[in-house]
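Below is one structure, written out as structure tokens, with a few remarks after it.
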Amino acid sequence: MRLNLAKVPRELKIIFELLKDESVENLVEKGRYLFTKIDWTLFLKLCTHHRVYTMIYPRLKQLPEGMIPSKVIQYLADKYRNNTFKMLFLSAEMEQLSKKLTEDQIRVLFLKGPVIALDLYGDISLRTSSDLDFLVPFEKLERTEELLKSLGYEKDEYIQSVLGDWKWRHHHFTYFHPVKKTKAEVHWRMNPGPGPEPHFDDLWKERRKSELTTSPIYFLGKEDLFLFLVSHGARHGWSRLRWLTDIQHMMGQDIDWNKLQVLLKKYYFINQGSQALVLASDLLNAKVNTDMTHMVENKKSRGLAQEAIFYFERMVNLHTDPVPDDICKYHAKHLFSLMSPKQKILFLLSCIHPLPEDAETLPLPNQLHFLYFPFRPFLWAWRKTKKETRYLRGQKS
0 MRLNLAKVPR ELKIIFELLK DESVENLVEK GRYLFTKIDW TLFLKLCTHH
50 RVYTMIYPRL KQLPEGMIPS KVIQYLADKY RNNTFKMLFL SAEMEQLSKK
100 LTEDQIRVLF LKGPVIALDL YGDISLRTSS DLDFLVPFEK LERTEELLKS
150 LGYEKDEYIQ SVLGDWKWRH HHFTYFHPVK KTKAEVHWRM NPGPGPEPHF
200 DDLWKERRKS ELTTSPIYFL GKEDLFLFLV SHGARHGWSR LRWLTDIQHM
250 MGQDIDWNKL QVLLKKYYFI NQGSQALVLA SDLLNAKVNT DMTHMVENKK
300 SRGLAQEAIF YFERMVNLHT DPVPDDICKY HAKHLFSLMS PKQKILFLLS
350 CIHPLPEDAE TLPLPNQLHF LYFPFRPFLW AWRKTKKETR YLRGQKS
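Everything in the sequence shown is counted per numbering that gives the first Met the number 0, starting at 0 for the first residue and increasing by one.
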């Protein structure tokens, strides 16, 4: 059963076609009917939203002159060039951070950015990155912060916490460099909790050395990188197509799929992994290895993949507030459907733990914060009542 794409914009379906690994001759033949009656403005908006203009531009540039409007090619060429400069800058900054951390005896694994652009696409220009994400051992967080501040980075103090829940409820701190305009995300977990994850030492054993720079820069092993990318992409509903093209390119690599399936099951990401494989194979013609066929051809995987099509039917941006209520509700429901039974239990148990909103509703001294556990249902009910009262007043006015 193929995925239902009836409500997906035609322009995005064309982008799917352009991202498939096909010969130029096939693309030219398809272009005779693909590139007619296109809303090129929407096409460019979708390329930008999904962060795939770096891959679309080289494909369109190969086509015969006149097939694509020159203004479209020029727009994509400018975006491509600017991204190349940015990736070169991020590569230099990544090398500097890696050197400084290593000199301070801090082991560091880069999760995204230029290292995976080179590993997956063979060229840092073909993938976009807005920041540098790296993972350090939890016990080195404080020292890493001191080092970043010595380099001119400033911490974004957006995380609020009650009873130390930041350690498992969140997964990274964010730092900005006001002069370089660079953002660095320091991870102590790959994903927000609750839930088990590979220990840093296990990830370090499987690390790979990047060929991007002369000095050593380490990133995740193939199976660990796949685990991270599917968990990250699924958590965001695959609302950026770029995350799915990462999976498409990983599926063409020499991965130990049996080892990967053990990891996915151990850390409760088998649903997310299966969903990603279905989406990448159906939408982008990604190669399906015989060892993963059973993950792609079962009813549950295809059902979860179909749920993700919602995010391709509209340009969903989960990173910019306010996110529309209907999208918030759908996203929460979808994330719950991706969870394994054990994950759902952990999630429901985490709802019992006090939140920063409880401390705002009823400020208490630190030594009395344990009282938020029995008070939490009442504080939640109080906030809900106040919210509904404000809504009704707004309706009357």
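Cβ atoms here follow ideal geometry from the backbone N, Cα and C, with glycine treated the same way.
None of the values given here were measured: they were computed from a predicted structure.
Once the 5 residues before and after residue i are set aside, which same chain residues still bring their CB inside 7 Å of it?
| i | result |
| --- | --- |
| Lys-111 | Ser-128 and Asp-132 |
| Leu-89 | Gly-112, Pro-113, Ser-128 and Leu-131 |
| Ala-233 | Gln-271, Gln-274, Ala-275 and Leu-337 |
| Lys-98 | Ser-214 |
When you compare only the Cα positions, how much space is there between residue i and residue j?
| i | j | result |
| --- | --- | --- |
| Pro-63 | Leu-11 | 21 Å |
| Arg-9 | Leu-96 | 43 Å |
| Cys-350 | Arg-168 | 11 Å |
| Leu-17 | Ile-344 | 41 Å |
| Leu-282 | Glu-312 | 13 Å |
| Pro-191 | Arg-239 | 19 Å |
| His-333 | Gly-65 | 43 Å |
| Phe-199 | Phe-137 | 9 Å |
| Ser-69 | Gln-305 | 36 Å |
| Leu-140 | Lys-166 | 11 Å |
| Thr-47 | Phe-15 | 14 Å |
| Glu-102 | Lys-6 | 53 Å |
| Glu-356 | Thr-384 | 14 Å |
| Ile-72 | Lys-264 | 44 Å |
| Trp-203 | Glu-144 | 21 Å |
Given residue i, which residues of its chain have a CB within under 6 Å of its CB, disregarding the five upstream and five downstream residues?
| i | result |
| --- | --- |
| Leu-100 | Val-107 |
| Ser-396 | Interpretation of Ser-396 is limited by its pLDDT of 41, a score under 50 that renders its predicted location unreliable; the figure taken from the coordinates is listed afterwards. Excluding sequence neighbours, Ser-396 sits near nothing in its chain. |
| Ile-13 | Leu-33 |
| Tyr-174 | Leu-147, Tyr-152, Lys-154 and Ala-183 |
| Lys-124 | As written in the sequence, residue 124 is Ser, which differs from the Lys given in the question. Excluding residues within five positions, the ones whose Cβ falls inside 6 Å are Thr-83. |
Which residues does DSSP list as the beta-bridge partners of residue i?
| i | result |
| --- | --- |
| Ala-183 | Leu-131 and Tyr-174 |
| Lys-154 | Tyr-174 |
| Phe-109 | Phe-133 and Phe-218 |
| Arg-1 | Answer is none; Arg-1 lacks a bridge partner. |
| Arg-58 | According to DSSP, Arg-58 bridges with nothing at all. |
Answer with yes or no whether the minimum CB distance from residue i to chain B is below 8 Å.
| i | result |
| --- | --- |
| Lys-298 | Going by chain labels, chain B is absent from the structure shown, which holds only one protein chain. |
Round the Cβ separation of residue i and residue j to the nearest angstrom and send it over; I've been treating them as touching at under 8 Å.
| i | j | result |
| --- | --- | --- |
| Ile-308 | Leu-2 | 6 Å |
| Ser-339 | Asn-270 | 7 Å |
| Ala-279 | Leu-243 | 6 Å |
| Met-189 | Leu-134 | 7 Å |
| Gln-366 | Tyr-267 | Rounded, the Cβ-Cβ distance is 36 Å, inconsistent with contact. |
| Val-295 | Val-277 | 5 Å |
| His-330 | Gly-236 | 6 Å |
Check your understanding: Between the stretch 17-35 and the stretch 213-225, do three or more beta carbon pairs fall short of 8 Å?
Key -> no
Exercise for review: Would you check if there are 3 or more beta carbon pairs closer than 8 Å linking the stretch 241-254 to the stretch 220-230?
Suggested key: yes
Check your understanding: Touching or not, the stretch 74-84 and the stretch 44-56, by the rule of three or more beta carbon pairs under 8 Å?
Key -> yes
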